[in-house]
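Step one of this worksheet: look at the structure below.
There are 2 protein chains.
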Amino acid sequence: MPYSYPYPRPALAVDTVIFAFDGRMLKALLIERNNSPFKGYWALPGGFINMDEDLATAARRELAEETGVTGVFLEQLYTFGTPGRDPRGRTISVAYFALVRLAEVEAKAGDDAAAVHWFPVEELPKLAFDHGKVMPIALERLRSKMRYQPIAFGLLPLKFPLSQLQQLYETVLGITLDKRNFRKKVMALDILTPVKGQSTTGAHRPAQLYSFDSKKYERIKKRGLSFEL
Amino acid sequence: MPYSYPYPRPALAVDTVIFAFDGRMLKALLIERNNSPFKGYWALPGGFINMDEDLATAARRELAEETGVTGVFLEQLYTFGTPGRDPRGRTISVAYFALVRLAEVEAKAGDDAAAVHWFPVEELPKLAFDHGKVMPIALERLRSKMRYQPIAFGLLPLKFPLSQLQQLYETVLGITLDKRNFRKKVMALDILTPVKGQSTTGAHRPAQLYSFDSKKYERIKKRGLSFEL
DNA sequence: ACAAAAGTGTTACGCCTACACCCATGC
DNA sequence: GCATGGGTGTAGGCGTAACACTTTTGT
Chain Z
2 MPYSYPYPRP
12 ALAVDTVIFA
22 FDGRMLKALL
32 IERNNSPFKG
42 YWALPGGFIN
52 MDEDLATAAR
62 RELAEETGVT
72 GVFLEQLYTF
82 GTPGRDPRGR
92 TISVAYFALV
102 RLAEVEAKAG
112 DDAAAVHWFP
122 VEELPKLAFD
132 HGKVMPIALE
142 RLRSKMRYQP
152 IAFGLLPLKF
162 PLSQLQQLYE
172 TVLGITLDKR
182 NFRKKVMALD
192 ILTPVKGQST
202 TGAHRPAQLY
212 SFDSKKYERI
222 KKRGLSFEL
Chain A
2 MPYSYPYPRP
12 ALAVDTVIFA
22 FDGRMLKALL
32 IERNNSPFKG
42 YWALPGGFIN
52 MDEDLATAAR
62 RELAEETGVT
72 GVFLEQLYTF
82 GTPGRDPRGR
92 TISVAYFALV
102 RLAEVEAKAG
112 DDAAAVHWFP
122 VEELPKLAFD
132 HGKVMPIALE
142 RLRSKMRYQP
152 IAFGLLPLKF
162 PLSQLQQLYE
172 TVLGITLDKR
182 NFRKKVMALD
192 ILTPVKGQST
202 TGAHRPAQLY
212 SFDSKKYERI
222 KKRGLSFEL
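Written out as structure tokens, the structure is:
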């Protein structure tokens, strides 16, 4: 059969849930829409793909435009295609989720955004389109993936004290962890390297800083490993 | 902004990895393409979506056309959109994976298929398009999901002996399990109901048959539960 | 000196693993 | 009666969870 596909084709967009961690709360980046439909609503950053562009490439392009960051964790999440989800016409959205280090971000409102803002994931506004359905899926993915892959480090500075890592796990998973047991398990994984600097914030004993050592991780990954904490 | 999207739009297809279990091996249903491109190659069953049709609906429609089964486990897997994956032009494929009971299937070659065949997942032929990349992802999803959700029962008859369930886990996960420990753990989950009939196949003691009890499962699901075996 | 977070070991319990023999049936 | 898969209990080891005090700094 020749290439006959006589039906109208849907438009194809990419939307990205961008997570960051400020030391206390998990946050997501949203943009305020400047255009109809849903003008004035908050929405996930995203846009239509170019015709010669890979899906992940489009997501990275949008991510760079909104936050200025590159080279971060980015993973496909889910594809939304219910008819009617975009009042302008049939649109398929491939959702991605990204983890960024807050310090590296320079959020800037693009041409089609009235504003950009980091919202705590527990206090999100009403979202445009069906984006309200995307966020719980992204959170669930983050939570489950943090348990067996070392993706949490994508949310922390390159050097961090163990207490920050623990705080991140506690916040995202919604649990409290025993400090001693946490340190024991993390250290037993042997994927962190102590680095020279010390955290010197506050009126208390300074903390040893660590960095994630991807070489160590790659070396032990093969025998299977768990991040259950 | 009015609905201006002046770019050419990709075509949108749905392809489904259909798994079944024959008691010994995990198998996947493939069709032999009757048309160019990749005429004569084996491929995942699938097709273009209708304009007013949900993605999952399209997948279920294709599934029913190919196998005659309805109401089975079906889940979105991953979306493939690399430019060039379809030589006819930009095509996005949303891949699904489905679990069916072999006894309920009546595989039939559709109009665009020269043949339909169940292949053991360990002995797949070269596949059309990028479908060779889909299968490992589907297998990985099946394996990981079987560990914490009761999806295995979608591959078994409604009544089955425990040994068949164990065989399924061993085959899919590529491990061997201790019979006593397996039965202890499965029974402790309290999600099976013994049913009257007995398996009467072969020259040996007949086996008690069980069925998956989704009511029991729903009741205990909330407290979290694991299928680690 | 005091407030505030960093850092550090041991014990008890529960869970998971390993393991061998009898049972019911068909041929 | 023999071959085949069905069905059952226990003991030891390992990993996980619970738990409190000292250290170092800034003010």
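Protein chains in written order, with the working numbering: chain Z, 2 to 230; chain A, 2 to 230. Even for Gly, the Cβ is constructed at its ideal location relative to N, Cα and C. Here the structure is a predicted model, which means the values were calculated and not measured.
For a cut-off of 8 angstroms, the C-beta gap from A:LEU56 to A:THR17 is around 11 angstroms, too long to register as a contact. For Z:MET26, the closest C-alpha among the options Z:PRO195, Z:ALA115, Z:LEU125 is that of Z:LEU125.
For Z:VAL117, the enclosing beta strand (DSSP E) has its first and last residue at 114 to 121. Pairing Z:LEU78 with Z:ARG142 gives a Cβ-Cβ distance under 8 angstroms. Bridge pairing for A:GLU33: A:TRP43, A:ALA116 [DSSP].
Under DSSP, no beta-bridge partner is assigned to A:THR71.
Z:ARG10 is positioned such that its CB atom lies no closer than 8 angstroms to that of A:ARG86. Here A:ASP214 has ILE192, LEU193, THR194 as same chain residues with Cβ atoms under 8 angstroms from its own Cβ, once five neighbours each way along the sequence are excluded. For A:THR202, the secondary structure class from DSSP, reduced to helix, strand or coil, is coil.
In the three-state reduction of the DSSP assignment, Z:GLN167 falls in the helix class, which pools H, G and I. Around the beta carbon of Z:GLU63, 16 or more other beta carbons lie within 10 angstroms, which makes this residue buried. A buried status is given to Z:THR92, since no fewer than 16 other beta-carbon atoms sit within 10 Å of its beta-carbon.
Secondary structure at Z:PRO162: strand, using DSSP grouped into helix, strand and coil. When DSSP states are grouped into helix, strand and coil, Z:PHE98 belongs to the strand group. The three-state reading of DSSP puts A:TYR149 in coil, since its state is none of H, G, I, E or B. A:VAL187: member of the alpha helix (DSSP H) spanning 180 to 190, first to last residue. Interface criterion not met: the Cβ of A:TYR42 is under 8 angstroms from no Cβ in chain Z. In the structure shown, Z:SER215 adopts helical secondary structure according to DSSP, grouped into three states. If you compare the alpha carbons of A:VAL187, A:PRO162, A:GLU54 with that of A:PRO151, the shortest gap goes to A:VAL187.
For the options A:TYR42, A:GLU33, A:GLU76, A:TRP43, the alpha carbon positioned closest to that of A:THR58 is the one of A:GLU76. Residue burial annotation: Z:VAL135 is buried, with at least 16 other C-beta atoms found within 10 angstroms of its C-beta.
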